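To keep things clear, I will list the structure first and then write my remarks on it.
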Amino acid sequence: MQRGTFKLVEECSGQGDLMQNGAVLRQVRYTITRYQGMLEGSGMPIPGLHRIEGSVDLPGDEDQPSVGATLTLRLEDGRTLAVTLADRNGRILTEGHGPCGGCSCC
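Residues in the sequence shown are numbered consecutively from 129, following my numbering.
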């Protein structure tokens, strides 16, 4: 088994759309940090292995997605990221294959 580490590859923030099942729930301010899986020793990237951490500003009202909900965040530049709401404060997290959370390599 090969061991790996994660390398910071991108940090961004802005205003975007938080979506569920293709419908826009609300506009949010976001901060995102993206890490790429790297092979230990060689420093080569592991295709598709990534981790996305960050947060979205959620209002304190009752009408917000539940913790554990799988959502899509559309960034200001048009990219979309599949994210999971990790807590009621708006923390988001994704680990796995491809930037959209779906495996495109197998």
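Even glycine gets a Cβ: it sits at the ideal position worked out from N, Cα and C. All figures in this text were calculated on a predicted structure; none of them were measured in a lab.
Alpha-carbon to alpha-carbon, residue j and residue i
i: I180; j: I160; result: 7 Å
i: H178; j: A214; result: 17 Å
i: V195; j: G171; result: 35 Å
i: E138; j: D191; result: 31 Å
i: G206; j: E168; result: 32 Å
i: G144; j: L136; result: 22 Å
i: V152; j: L146; result: 6 Å
Residue range of the beta strand (DSSP E) that includes residue i
i: M166; result: A151 to L167
Identity of the residue in the options nearest residue i by Cα
i: Y163; options: G150, G218, L199 and P175; result: P175
i: L209; options: G218, T222, R216 and A197; result: T222
i: P158; options: G206, L201 and R216; result: The residue you asked about is not Pro; residue 158 is Tyr in the sequence shown. Ranking G206, L201 and R216 by Cα distance to Y158 puts L201 first.
Beta-carbon contacts of residue i that lie in its chain and below 7 Å, excluding the five residues immediately before and after
i: G218; result: S183, V184, D185 and L186
Own chain, CB closer than 8 Å to residue i, minus 5 neighbours either side, in chain order
i: G230; result: Legend: pLDDT at G230 = 47, less than 50; position of this residue unreliable, value from coordinates given subsequently. Hits under 8 Å: A210.
i: T212; result: G196, A197, T198, L199, I220, L221 and T222
### Task
List in chain order: all unbroken beta strand (DSSP E) runs of 3+ residues lying wholly within the stretch 166-215.
173-184, 198-202 and 208-213
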